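Number 130 in full-length UniProt numbering belongs to position 130 of the sequence shown; there are no gaps in the numbering. C-beta atoms are modelled at their ideal positions from N, C-alpha and C, and glycine is treated no differently. Values in this document were obtained by computation on a predicted structure and should not be read as measured data. Let me begin by presenting the structure, written as structure tokens, before commenting on it.
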Amino acid sequence: MARILTGIQSSGLPHLGNLLGAIQPAVELSKNPQNESFLFIADLHSLTTLKNGTERELYVRSIASTWLAFGFDTDKNVFWRQSRVQEHTELSWYLSCFTPFPMLANATSFKDKSEKLADVNAGLFTYPVLMAADILLYNANIIPVGKDQKQHLEMAKDIASRFNLLAGEDILVLPEPQIDEKMMTIPGIDGQKMSKSYNNYINIFLPENELKKVVKKIVSDSTPLEEPKDPDTDITFKIYSLLASETETETMRQNYLNGGYGYGHAKQALFEIILEKYAEPRRLYNYYMENNDELERILKTGEEKARIIARETIAKVRRVLGFGE
Ligand code: ATP
Ligand code: MG
Numbered sequence: 001m002a003r004i005l006t007g008i009q010s011s012g013l014p015h016l017g018n019l020l021g022a023i024q025p026a027v028e029l030s031k032n033p034q035n036e037s038f039l040f041i042a043d044l045h046s047l048t049t050l051k052n053g054t055e056r057e058l059y060v061r062s063i064a065s066t067w068l069a070f071g072f073d074t075d076k077n078v079f080w081r082q083s084r085v086q087e088h089t090e091l092s093w094y095l096s097c098f099t100p101f102p103m104l105a106n107a108t109s110f111k112d113k114s115e116k117l118a119d120v121n122a123g124l125f126t127y128p129v130l131m132a133a134d135i136l137l138y139n140a141n142i143i144p145v146g147k148d149q150k151q152h153l154e155m156a157k158d159i160a161s162r163f164n165l166l167a168g169e170d171i172l173v174l175p176e177p178q179i180d181e182k183m184m185t186i187p188g189i190d191g192q193k194m195s196k197s198y199n200n201y202i203n204i205f206l207p208e209n210e211l212k213k214v215v216k217k218i219v220s221d222s223t224p225l226e227e228p229k230d231p232d233t234d235i236t237f238k239i240y241s242l243l244a245s246e247t248e249t250e251t252m253r254q255n256y257l258n259g260g261y262g263y264g265h266a267k268q269a270l271f272e273i274i275l276e277k278y279a280e281p282r283r284l285y286n287y288y289m290e291n292n293d294e295l296e297r298i299l300k301t302g303e304e305k306a307r308i309i310a311r312e313t314i315a316k317v318r319r320v321l322g323f324g325e
């Protein structure tokens, strides 16, 4: 049985990039009876960028509701908040002492974030170590992620190998990234990687009028309506093509190439396809956001399950490091 693990930070509201790059593929994989899925809300990771507790609670609820809205079966699988299982932080410290400094210093996502964010803190720097702990704590085999996380996964694997080598025992299971090559990094409305922390995202759960406003804000060039446009450089087209069927995409491509079809038309088509494709998740999301007690009960049950497994790994690690069990 393969153990699949995915986490989403509670650093903002979940967005289309998270859905296409992580949530939907993870829920699909979790439906296979051969798989056991571990999905968690990385609220500790979110502290690297978000300091406000009230906001964090809202985002945690929102991300949890999203997993449920997309049909994640929490009876068959494991679903929890990272901060509620303290073994994550404990393992993270142990692993940090097995992590070469240059490995972290060379991480592209750290370089990227440290250029863009005002608050470049040590947590941001050691982020990949906590991520390695998240994975290794549960002996996860398969980690489906977007391309942006590939390097972090390679680090988790390296850290685990180093740990096993220096400890002289194969205690930690080496994870495998599973990257859907055709699932590229989804661009945000400004053309950069869609990201909670860049505030350039499309939140598909917004009320219709607000959703429309966001879609309208997608950056486009100033080619006049009647002239042909290049679909391959346009963000609206790119996002549309990820949601639409091949035929629908081809029709829009031809519209772009023919001219007489404006970016406004494309944005309207994108808006409509979001509403159509995500009608049921939108309904369920609102249900869970309104039924907080139910959400809390589901999470607490998941946390008990997660803790049992995490404690087994921690016991082995503590034993081999001479900290007792
Ligand atoms: P932050 O800005 O706080 O890092 P994020 O929007 O990048 O947030 P994460 O919580 O870091 O989201 O990532 C959760 C999952 O979503 C990861 O598996 C990641 O690969 C995937 N993901 C995030 N952004 C995108 C994107 N733009 N395209 C495809 N996948 C994405
Ligand atoms: Mg990210």
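Segment limits, alpha helix (DSSP H) that includes G264: Element bounds for G264: 263–277.
When we look at the beta-carbon of S245 and count the other beta-carbons within 10 Å, is it buried (16 or more) or exposed? S245 sits exposed, since fewer than 16 C-beta atoms from the chains shown fall within 10 Å of its C-beta.
How many whole angstroms separate the CB atoms of V173 and I189, which I take to be in contact at a CB cut-off of 8 Å? Wrong, their Cβ atoms sit about 39 Å apart, outside the cutoff.
In terms of residue numbering, what span does the alpha helix (DSSP H) encompassing E250 cover? Per DSSP, E250 belongs to the alpha helix (DSSP H) from 246–258.
First and last residue of the uninterrupted alpha helix (DSSP H) at G123: Residues 122–136.
Inter-residue CB distance, N164 and D170 (contact presumed, cutoff 8 Å): Indeed they touch by this definition, with Cβ atoms about 5 Å apart.
Starting from T6 and walking both ways along the beta strand (DSSP E), at which residues does that stretch end? DSSP places T6 inside the beta strand (DSSP E), whose first and last residues are 2–9.
By a C-beta neighbour count over all protein chains shown, 10 Å radius and 16 as the cutoff for buried, is L130 buried or exposed? So L130 counts as buried.
Test item: CB-CB of L211 and F271 under 8 Å: Result yes, Cβ atoms of L211 and F271 sit closer than 8 Å.
CB T48 to CB G123, shorter than 8 Å? Here T48 is near G123, since their CB atoms are less than 8 Å apart.
Inter-residue spacing [alpha-carbon to alpha-carbon] between Q192 and T233: A direct Cα-Cα distance of roughly 13 Å separates Q192 from T233.
For P231, which of helix, strand or coil comes out of DSSP? Correct three-state label for P231: helix.
Hey, S46 and I4: beta-carbon distance below 8 Å or not? Not a contact, by the Cβ cut-off of 8 Å.
DSSP on F79, reduced to helix/strand/coil? DSSP places F79 in strand when its eight states are reduced to three.
In the DSSP output, which residue or residues are listed as bridge partners for E36? The partner list for E36 (beta bridge, DSSP) reads R3.
Would you tell me roughly how many angstroms separate the C-alpha atoms of A26 and F72, rounded to the nearest one? So the alpha carbons of these two residues sit roughly 9 Å apart.
Tell me where the alpha helix (DSSP H) around E176 begins and ends. In this chain, E176 is not harboured by any alpha helix (DSSP H); it is covered by the beta strand (DSSP E) spanning 176–179.
Quick check on the DSSP output: the beta strand (DSSP E) that includes P144 runs from which residue to which? Its beta strand (DSSP E) spans residues 142–145.
Alpha helix (DSSP H) segment containing S92, residue limits: Annotation: the continuous alpha helix (DSSP H) that includes S92 extends over 87–96.
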